[in-house]
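For the sequence shown, this note's numbering assigns the number 27 to the initial residue and increments by one for each residue that follows. The structure under discussion appears below in the form of C-alpha coordinates.
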Amino acid sequence: MTDAFSERLAGEVRARRRSLGLAQRDLAGLAGLSERFVRSVEQGKPSVQLDSVLALLGTLGLELQLITRPSAAAQTGAQPDAHPRTPQGAHPRTPQEDRP
(Lines of atoms letter the chains of each structure in order from A and count residues from 1; the text may use other names and numbers.)
(Lines give C-alpha, C1' and ligand atoms only; values in the text may rest on other atoms or scores of the structure.)
Protein backbone atom coordinates (compact mmCIF):
# COMPACT_ATOMS: atom_id res chain seq x y z
CA MET A 1 0.00 0.00 0.00
CA THR A 2 1.19 3.52 -0.67
CA ASP A 3 2.06 5.84 2.19
CA ALA A 4 -0.80 8.20 1.29
CA PHE A 5 -3.32 5.34 1.27
CA SER A 6 -1.97 3.90 4.53
CA GLU A 7 -2.22 7.29 6.22
CA ARG A 8 -5.78 7.84 4.98
CA LEU A 9 -6.80 4.34 6.03
CA ALA A 10 -5.19 4.88 9.44
CA GLY A 11 -7.11 8.09 10.01
CA GLU A 12 -10.45 6.66 8.87
CA VAL A 13 -10.13 3.51 11.01
CA ARG A 14 -9.01 5.45 14.09
CA ALA A 15 -11.79 8.04 13.73
CA ARG A 16 -14.49 5.39 13.24
CA ARG A 17 -13.24 3.28 16.16
CA ARG A 18 -13.27 6.31 18.44
CA SER A 19 -16.72 7.43 17.25
CA LEU A 20 -18.01 3.98 18.21
CA GLY A 21 -16.37 4.27 21.64
CA LEU A 22 -14.16 1.22 21.11
CA ALA A 23 -10.68 0.65 22.47
CA GLN A 24 -8.17 -0.96 20.11
CA ARG A 25 -8.45 -4.16 22.18
CA ASP A 26 -12.24 -4.17 21.81
CA LEU A 27 -12.08 -3.68 18.05
CA ALA A 28 -9.48 -6.41 17.72
CA GLY A 29 -11.69 -8.86 19.60
CA LEU A 30 -14.78 -8.01 17.55
CA ALA A 31 -12.88 -8.33 14.26
CA GLY A 32 -11.06 -11.53 15.28
CA LEU A 33 -7.69 -9.82 14.86
CA SER A 34 -4.81 -9.03 17.18
CA GLU A 35 -4.59 -5.74 19.02
CA ARG A 36 -1.13 -5.40 17.45
CA PHE A 37 -2.68 -5.55 13.97
CA VAL A 38 -5.23 -2.84 14.82
CA ARG A 39 -2.42 -0.68 16.19
CA SER A 40 -0.39 -1.25 13.00
CA VAL A 41 -3.30 -0.16 10.81
CA GLU A 42 -3.88 2.95 12.93
CA GLN A 43 -0.18 3.79 12.71
CA GLY A 44 -0.31 3.59 8.92
CA LYS A 45 2.01 0.61 8.58
CA PRO A 46 2.02 -0.24 4.86
CA SER A 47 2.68 -3.97 5.30
CA VAL A 48 -0.75 -5.04 6.59
CA GLN A 49 -2.66 -7.85 4.81
CA LEU A 50 -5.60 -6.72 2.70
CA ASP A 51 -7.94 -9.52 3.87
CA SER A 52 -7.35 -8.50 7.47
CA VAL A 53 -7.91 -4.83 6.60
CA LEU A 54 -11.23 -5.78 4.98
CA ALA A 55 -12.25 -7.71 8.12
CA LEU A 56 -11.39 -4.68 10.23
CA LEU A 57 -13.35 -2.33 7.95
CA GLY A 58 -16.35 -4.67 7.95
CA THR A 59 -16.39 -4.74 11.74
CA LEU A 60 -16.48 -0.93 11.74
CA GLY A 61 -19.30 -0.81 9.18
CA LEU A 62 -16.97 0.53 6.47
CA GLU A 63 -16.19 -0.82 3.00
CA LEU A 64 -13.42 -0.36 0.49
CA GLN A 65 -14.52 0.77 -2.99
CA LEU A 66 -12.58 0.75 -6.24
CA ILE A 67 -13.25 3.79 -8.43
CA THR A 68 -11.61 4.46 -11.78
CA ARG A 69 -9.63 7.68 -11.53
CA PRO A 70 -10.18 10.10 -14.43
CA SER A 71 -6.43 10.21 -15.15
CA ALA A 72 -6.24 6.40 -15.35
CA ALA A 73 -9.29 6.25 -17.62
CA ALA A 74 -7.72 8.78 -19.99
CA GLN A 75 -4.54 6.71 -20.23
CA THR A 76 -6.38 3.48 -21.03
CA GLY A 77 -9.23 4.95 -23.07
CA ALA A 78 -11.76 3.53 -20.58
CA GLN A 79 -14.72 5.54 -19.38
CA PRO A 80 -14.73 6.44 -15.66
CA ASP A 81 -17.41 4.58 -13.71
CA ALA A 82 -20.58 6.56 -13.13
CA HIS A 83 -21.10 4.53 -9.94
CA PRO A 84 -18.50 2.97 -7.65
CA ARG A 85 -18.44 -0.81 -7.81
CA THR A 86 -19.90 -2.69 -4.90
CA PRO A 87 -17.77 -5.34 -3.18
CA GLN A 88 -19.40 -7.96 -5.42
CA GLY A 89 -18.37 -5.98 -8.51
CA ALA A 90 -21.88 -5.01 -9.65
CA HIS A 91 -23.11 -1.49 -10.26
CA PRO A 92 -25.92 -0.23 -8.01
CA ARG A 93 -29.24 -0.10 -9.86
CA THR A 94 -30.84 3.23 -10.61
CA PRO A 95 -34.62 3.84 -10.39
CA GLN A 96 -34.78 4.03 -14.23
CA GLU A 97 -33.33 0.50 -14.52
CA ASP A 98 -36.08 -0.87 -12.27
CA ARG A 99 -38.92 0.39 -14.49
CA PRO A 100 -40.63 -2.13 -16.83
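Just so you know, even glycine gets a beta-carbon here, dropped at the ideal spot from N, CA and C. The structure presented is a predicted model; accordingly, all values stated were derived computationally and were not measured.
(1) Which one of Leu35, Leu46, Leu88, Gly58 has the shortest CA to CA distance from Glu68?
(2) Which residues bound the alpha helix (DSSP H) around Gly55?
(3) Assign Glu33 to one of three DSSP states: helix, strand, or coil.
(4) Can you give me the Cβ contacts of Glu123 inside the same chain, cut-off strictly under 7 Å, excluding the 5 residues immediately before and after it?
(5) Do you know how far the Cα of Leu86 is from the Cα of Ala54?
(6) Which value, in whole angstroms, describes the spacing of the CA atoms of Arg62 and Arg40?
(7) Nearest CA to the CA of Ser78: which residue from Leu59, Glu89, Gln91, Leu88?
(8) Check whether the Cβ atoms of Leu90 and Leu82 lie closer than 8 Å to each other.
(9) Runs of 4 residues minimum, wholly inside the segment 61-104: which ones carry the alpha helix (DSSP H) assignment?
In this structure, then:
(1) Leu35
(2) 50-57
(3) helix
(4) The pLDDT assigned to Glu123 is 45, lower than 50, so where the model puts this residue is not dependable, and the model offers no usable value.
(5) 11 Å
(6) 14 Å
(7) Leu59
(8) no
(9) 61-68, 76-85, 96-102
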